[in-house]
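Novice: Residue 134 in UniProt numbering is what sits at position 134 of the sequence shown, and the numbering runs on without skipping anything.
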Amino acid sequence: MFVVIVSGKVHRYIPALVGAALTCIVVFLIVAKSPDMVVSVLNLGQIGEFSFWIPGEQHVVSQGVNWQTIIFIGGMMVMVEGLGEVGFFRWLCLYVARLVNYQAVPILIVFMLLSGFLSMFIDSITVLLFLTSVTIELARLLKFDPVPVIIAEIFAANTGGAATMSGDPPNIIIGTSLGYTFTDFAVNTGPIAWAGMLVTLGLFYLFFRKILTSSQSPDTDEQTEEEKEGAPIHPFNNVQTPLACCQHGECGCDTSY
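(1) Using the beta-carbon count (16 or more within 10 Å), is Phe207 buried or exposed?
(2) Considering only residues of the same chain and omitting the five flanking positions on each side of Pro15, which have a CB-CB separation below 7 angstroms?
(3) What is the DSSP secondary structure of Gly167, reduced to helix, strand or coil?
(4) State the start and end residues of the unbroken alpha helix (DSSP H) segment that holds Val26.
(5) With the cut-off set at 8 angstroms, would you say Pro148 and Ile211 are in Cβ contact?
(6) Within 10 angstroms of the Cβ of Glu17, are there 16 or more other Cβ atoms? Answer buried if so, exposed if not.
(7) How about Ala193 and Ala162: do their beta carbons lie closer than 8 angstroms?
(8) Look at the Cβ atom of Phe185, then the Cβ atom of Met112, and state whether they are nearer than 8 angstroms.
(9) Quick one: grab the DSSP three-state call for Arg90.
(10) Can you tell which of Pro191, Val86, Met165 has the C-alpha that lies nearest to the C-alpha of Gly179?
(11) Measuring alpha carbon to alpha carbon, tell me which of Ser124, Leu22, Val86 ends up nearest Pro170.
(12) Quick one: grab the DSSP three-state call for Val65.
(13) Quick one: is Thr135 buried, meaning 16 or more other Cβ sit within 10 Å of its Cβ, or exposed?
(14) Given a cut-off of 8 angstroms on the beta-carbon distance, is the pair Ala152 and Leu99 in contact?
(15) When the Cα of Val65 is compared with those of Val41, Ser177, Gly175, Tyr102, which residue comes out closest?
(16) Throw me the rounded Cβ distance for the Gly116 and Thr159 pair, which I believe falls under 8 angstroms.
(17) Can you give me the C-alpha to C-alpha distance between Val10 and Val199, rounded to a whole angstrom?
(18) Going by alpha carbons, who is nearest to Gly196 out of Phe155, Thr181, Ile174, Thr176?
(19) Could you tell me which of Phe28, Thr126, Val31 sits nearest to Gly74, measuring between CA atoms?
(20) Figure out for me which residue from Asn43, Thr183, Glu85 has the closest Cα to the Cα of Gln68.
(21) What do you get for Tyr13, buried or exposed, if any count of 16 or more other CB atoms within 10 angstroms of its CB means buried?
(22) Cutting at 6 angstroms between CB atoms, please list the residues of its own chain near Thr224, excluding the five before and the five after it.
(23) Check whether the Cβ atoms of Ser119 and Gly82 sit closer than 8 angstroms, and answer yes or no.
(24) Does Phe155 get closer than 8 angstroms to chain B when you measure Cβ to Cβ?
(25) Along the alpha helix (DSSP H) that carries Tyr205, what are the first and last residues, could you check?
(26) Could you check the C-alpha separation between Ile173 and Lys143 for me, to the nearest Å?
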């Protein structure tokens, strides 16, 4: 199955699901010979329980697959894919670059901050996919080396993702399994993560400020048109999910809801 995934000839979810199904058949039905174990591990009945979506004061203890984490990540992926299709991330990166007059060193700083901030609410890998593509595009226009900026974005994404519950899958698993909320992570791990972010920002600035040089600026009118075309969605659609994540503990709802 790994060979099929790496080959890229079929979509990755097909061999992944086939491999999971074969694992269940071999391990639980052939080796263990226990159909009840399959039902217990899949834990599908938990999704239909009211306490799964609105646990209130008591979090749901999962005895099998943690569907709260899977549904939460799936919902985030759907939202991110929609934002990517309408060009939101590309528009945001170009807009931020325009604010700093397309200067390479300021782009390094603001893209690190942007990478860390977005990774607080979106999976860091997804954030990097969009940021790196725009970084390479800007590097070609401004004639600077994109590698230092991309490396800095990776460090910033990992640091920002550790600040909240929704930033990294391990945080999501810990939060849903132990009943922690978005606020718990933001209050306890957020300050530490952003303190590390400031140190990282300063180090990358000292190391790469002389390497990054720009020789020209892109056509302002052309960039403005691209920014307008890339942001046709209402601002409320961009903030409703982060706000819901921040308030889910006070509302008594699970993050997957």
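Don't be surprised by glycine CBs; every beta carbon is placed ideally from N, CA and C.
Specialist: Once the coordinates are examined:
(1) Within the sequence shown, residue 207 is the residue found at index 207, counting from 1. When all chains shown are included, Phe207 counts as exposed.
(2) Within the sequence shown, residue 15 is the residue found at index 15, counting from 1. The residues are Met1, Val4, Ile5.
(3) On the sequence shown, position 167 is the one that residue 167 refers to. Three-state result, Gly167: coil.
(4) Within the sequence shown, numbered from 1, the residue matching residue 26 stands at position 26. It is not in any alpha helix (DSSP H) - Val26 carries neither H nor E in the DSSP assignment.
(5) By 1-based counting over the sequence shown, the position of residue 148 is 148. By 1-based counting over the sequence shown, the position of residue 211 is 211. One thing to note: Pro148 has its Cβ within 8 angstroms of the Cβ of Ile211.
(6) Indexing the sequence shown from 1 puts residue 17 at position 17. Note that residue 17 is Leu in the sequence shown, not Glu. By the beta-carbon neighbour count (other beta carbons within 10 angstroms, threshold 16), Leu17 is exposed.
(7) By one-based count along the sequence shown, residue 193 stands at place 193. By one-based count along the sequence shown, residue 162 stands at place 162. Cβ distance < 8 angstroms, so Ala193 and Ala162 count as in contact.
(8) To locate residue 185, count along the sequence shown from 1; it is residue 185. To locate residue 112, count along the sequence shown from 1; it is residue 112. Going by beta carbons, Phe185 and Met112 fall outside the 8 angstroms limit.
(9) Stepping through the sequence shown from its first residue, residue 90 is reached at position 90. Under the three-state reduction of DSSP, Arg90 is assigned to helix.
(10) The residue you call residue 179 lines up with position 179 of the sequence shown. Among Pro191, Val86, Met165, the Cα nearest to that of Gly179 is on Met165.
(11) Numbered from its first residue, the sequence shown carries residue 170 at position 170. Closest by alpha carbon: Ser124.
(12) As a first step, residue 65 must be located in the sequence shown, where it is residue number 65. Val65: coil per DSSP, three-state reduction.
(13) Reading the sequence shown from its first residue, position 135 is the one you call residue 135. With 16 or more Cβ atoms within 10 Å of its Cβ, Thr135 is classed as buried.
(14) As a first step, residue 152 is located in the sequence shown; it is residue number 152 there, counting from the start. As a first step, residue 99 is located in the sequence shown; it is residue number 99 there, counting from the start. In this structure, Leu99 does not lie closer than 8 angstroms to Ala152 by Cβ.
(15) The sequence position of residue 65 within the sequence shown is 65, counting from 1. It is Val41.
(16) In the sequence shown, the residue the question calls residue 116 occupies position 116. In the sequence shown, the residue the question calls residue 159 occupies position 159. The beta-carbon distance between Gly116 and Thr159, rounded to whole angstroms, is 6 angstroms. This is short enough to meet the 8 angstroms contact definition.
(17) Position 10 of the sequence shown holds residue 10. Position 199 of the sequence shown holds residue 199. Approximately 43 angstroms between the Cα atoms of the pair.
(18) In the sequence shown, residue 196 corresponds to position 196, counting from 1. The residue with the shortest Cα to Cα distance from Gly196 is Phe155.
(19) To locate residue 74, count along the sequence shown from 1; it is residue 74. Closest in C-alpha terms to Gly74, from the list Phe28, Thr126, Val31, comes Thr126.
(20) Translated into the one-based positions of the sequence shown, residue 68 becomes position 68. Checking every option, the nearest Cα to that of Gln68 belongs to Asn43.
(21) Counting from 1 along the sequence shown, the entry for residue 13 is found at position 13. With fewer than 16 other Cβ atoms within 10 Å, it is exposed.
(22) Stepping through the sequence shown from its first residue, residue 224 is reached at position 224. Confidence in Thr224 is poor, its pLDDT being 43 and thus under 50, which makes the residue's placement too unreliable to answer from.
(23) Position 119 of the sequence shown holds residue 119. Position 82 of the sequence shown holds residue 82. For Ser119 and Gly82, no; Cβs fall outside 8 angstroms.
(24) In summary, chain B is missing from the structure at hand, where a single protein chain is found.
(25) Position 205 of the sequence shown holds residue 205. 190 to 208 is the span of the alpha helix (DSSP H), which, as asked, contains Tyr205.
(26) Within the sequence shown, the letter at position 173 stands for residue 173. Within the sequence shown, the letter at position 143 stands for residue 143. Cα to Cα, the separation comes out at about 42 angstroms.
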